[in-house]
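Asks: With our numbering applied, the sequence shown covers 32 to 290. Quick reminder that beta carbons are idealized off the backbone N, C-alpha and C, glycines included.
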Amino acid sequence: MKILEGKRGLVVGVMNDRSAATGITQSVLKHGGQCLFTHLPGEKNERRVRGALESCGVTDPWLQPMDAGSDEQMDAAFARIAREFGTIDFLVHSIAFADKEWLKEGMFTGTPRQVFTQAMDISAFTYAAMANRAAPLMANGGSMIALSYYGAEKAVPGYNVMGVAKAALEATNRYLAMELGPKNIRCNVISAGPMRTLSAMAVGGFGQILDWVEKKAPLRRNITTDDVGEAAAFLLSPMGNGVTGEVLYVDSGYACMGL
Ligand SMILES: NC(=O)c1ccc[n+]([C@@H]2O[C@H](COP(=O)([O-])OP(=O)(O)OC[C@H]3O[C@@H](n4cnc5c(N)ncnc54)[C@H](O)[C@@H]3O)[C@@H](O)[C@H]2O)c1
32 MKILEGKRGL VVGVMNDRSA ATGITQSVLK HGGQCLFTHL PGEKNERRVR GALESCGVTD
92 PWLQPMDAGS DEQMDAAFAR IAREFGTIDF LVHSIAFADK EWLKEGMFTG TPRQVFTQAM
152 DISAFTYAAM ANRAAPLMAN GGSMIALSYY GAEKAVPGYN VMGVAKAALE ATNRYLAMEL
212 GPKNIRCNVI SAGPMRTLSA MAVGGFGQIL DWVEKKAPLR RNITTDDVGE AAAFLLSPMG
272 NGVTGEVLYV DSGYACMGL
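Quick look at the structure:
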């Protein structure tokens with residue numbers, strides 16, 4: 032039996048075939064799970080997400096427009112899931128946003144209020160907001176994951192306000208784990224190494240980060256979205272049944288180094 036057989040869940044964050052969420056989708060499907068998806072509102076975004084899903088062999092996806100910055104759109108997405116399926120088993124939060132003008136080396140101290148609060152809202156608060164809507168649908172227990180990066184715990188040049196938002200995301204995960212654990216809902220974060228995705232390209236000096244990790248990380252390579260997908264499948268499946276409130280590093284070992 033496959034580890035995710037009979038498990039259904041919502042994956043938020045597929046944008047194109049390079050997205051971390053696309054790698055997660057591929058692994059979930061490979062291990063027997065079923066995925067529901069959202070896309071940012073707009074025909075162009077929908078087309079892009081459909082294209083990415085086709086590359087995973089998903090030709091007729093369950094798809095719902097949802098800007099996570101809108102409570103109404105989140106309510107509508109989870110209400111539709113409740114109506115059509117009743118329950119889900121997992122949630123994947125694989126989204127983040129910050130104005131790229133402020134993701135450059137030397138540009139943290141002046142971060143404007145609106146840029147700071149938007150980064151925190153979309154990249155951290157929405158994890159709690161989605162968990163709050165997903166938990167009532169997890170009557171049989173469940174598993175949630177969100178995606179973080181090393182810049183949550185160490186100052187990484189160029190990562191700036193996104194590092195602050197990721198620190199909040201990791202703290203949010205611990206509080207969710209504490210409150211949802213008694214309902215047998217597990218909450219974990221994958222701290223992924225750098226991957227060449229659309230969002231990552233917004234971070235100033237990202238190419239240098241990739242080169243550095245390849246030279247210095249114990250495994251001497253950058254990770255792939257497949258690596259993230261396989262770790263996600265473990266956490267979302269009963270194989271991870273005793274794990275909650277954790278940060279799992281999928282980073283070629285970089286975070287264990289004292290560089
Ligand atoms: N790429 C990396 O190097 C890396 C490393 C560690 C963690 N991460 C994290 O992985 C996650 C996925 O990013 P990615 O690298 O796959 O990039 P990506 O650009 O492929 O995905 C980002 C996703 O965020 C979504 N998004 C942005 N604003 C949104 C909103 N208001 N409502 C709904 N969705 C919204 C986009 O539609 C997109 O699907 C993010 O949390 C990112 O911080 C990425």
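So who's on the other strand from Pro-96, going by DSSP bridges?
Replies: By 1-based counting over the sequence shown, the position of residue 96 is 65. For Pro-96, which the question treats as bridged, DSSP gives the partners His-70.
Asks: Which runs of the alpha helix (DSSP H) spanning at least 4 residues fall entirely within the region 204 to 283, listed in chain order?
Replies: Taking only runs of at least 4 residues, the alpha helix (DSSP H) segments lying wholly in the region 204 to 283 are 237 to 247 and 256 to 267.
Asks: Whose C-alpha, out of Glu-85, Val-281, Phe-265 and Thr-275, is nearest the C-alpha of Asn-253?
Replies: On the sequence shown, position 222 is the one that residue 253 refers to. For Asn-253, the nearest C-alpha among the options comes from Val-281.
Asks: Where do the ends of the beta strand (DSSP E) carrying Ala-110 lie?
Replies: Locating residue 110 in the sequence shown gives position 79, where the first residue counts as 1. Unbroken run through Ala-110 is the alpha helix (DSSP H), 102 to 116; no beta strand (DSSP E).
Asks: What are the partner residues of Ala-177, as DSSP defines its beta bridges?
Replies: Within the sequence shown, the letter at position 146 stands for residue 177. In the DSSP output, where bridge partners are listed per residue, Ala-177 has His-124 and Val-220.
Asks: Do Ala-129 and Ser-154 have their C-beta atoms within less than 8 Å of each other?
Replies: As a working mapping, residue 129 is identified with position 98 in the sequence shown. As a working mapping, residue 154 is identified with position 123 in the sequence shown. For Ala-129 and Ser-154, yes; Cβs fall inside 8 Å.
Asks: Within 10 angstroms of its Cβ, does Leu-207 collect 16 or more other Cβ (buried), or is it exposed?
Replies: For the purposes of this step, residue 207 is taken as the residue at position 176 of the sequence shown. It is buried - the Cβ of Leu-207 has at least 16 other Cβ atoms within 10 Å.
Asks: For Gly-260, verify whether its CB is less than 7 Å away from any heavy atom of ligand 1.
Replies: Within the sequence shown, the letter at position 229 stands for residue 260. No - ligand 1 has no heavy atom lying nearer than 7 Å to the Cβ of Gly-260.
Asks: By the three-class DSSP mapping on this structure, what secondary structure does Leu-84 have?
Replies: One-based indexing of the sequence shown puts residue 84 at position 53. Helix at Leu-84.
Asks: In whole angstroms, what is the alpha-carbon distance linking Asn-171 and Phe-147?
Replies: As a position in the sequence shown, residue 171 is number 140, starting the count at 1. As a position in the sequence shown, residue 147 is number 116, starting the count at 1. Distance between the alpha carbons of Asn-171 and Phe-147: 37 Å.
Asks: Hey, how far is the Cα of Met-32 from the Cα of Gly-63?
Replies: Taking the first residue of the sequence shown as position 1, residue 32 is located at position 1. Taking the first residue of the sequence shown as position 1, residue 63 is located at position 32. Each residue's alpha carbon lies about 9 Å from the other.
Asks: Can you list the residues near ligand 1, meaning Cβ strictly closer than 5 Å to any non-hydrogen atom, in the order they appear in the chain?
Replies: This criterion selects Gly-44, Met-46, Ser-50, Ala-51, Leu-71, Asp-98, Ala-99, Gly-100, Ser-125, Ile-126, Ala-127, Phe-128, Ile-153, Leu-178, Tyr-180, Ala-223, Pro-225, Met-226, Thr-228, Leu-229, Ser-230 and Ala-231.
Asks: Am I right that Ile-126 and Gly-44 are in contact with their C-beta atoms under 8 Å? What's the rounded C-beta distance?
Replies: Counting from 1 along the sequence shown, the entry for residue 126 is found at position 95. Counting from 1 along the sequence shown, the entry for residue 44 is found at position 13. The Cβ separation is near 5 Å, so the contact holds.
Asks: Once the 5 residues before and after Gly-260 are set aside, which same chain residues still bring their CB inside 7 Å of it?
Replies: In the sequence shown, the residue the question calls residue 260 occupies position 229. Counting only Cβ-Cβ distances below 7 Å, and skipping sequence neighbours, we find Gly-54, Ile-55, Gln-57 and Ser-58.
Asks: So is Lys-185 buried or exposed if we call it buried at 16+ other beta carbons inside 10 Å?
Replies: Working through the sequence shown from its first residue, we reach residue 185 at position 154. Flag for Lys-185 reads exposed.
Asks: Which residue marks the beginning of the beta strand (DSSP E) containing Arg-164, and which one marks its end?
Replies: Along the sequence shown, read from residue 1 onward, the residue named residue 164 stands at position 133. No beta strand (DSSP E) holds Arg-164; the alpha helix (DSSP H) holding it covers 157 to 165.
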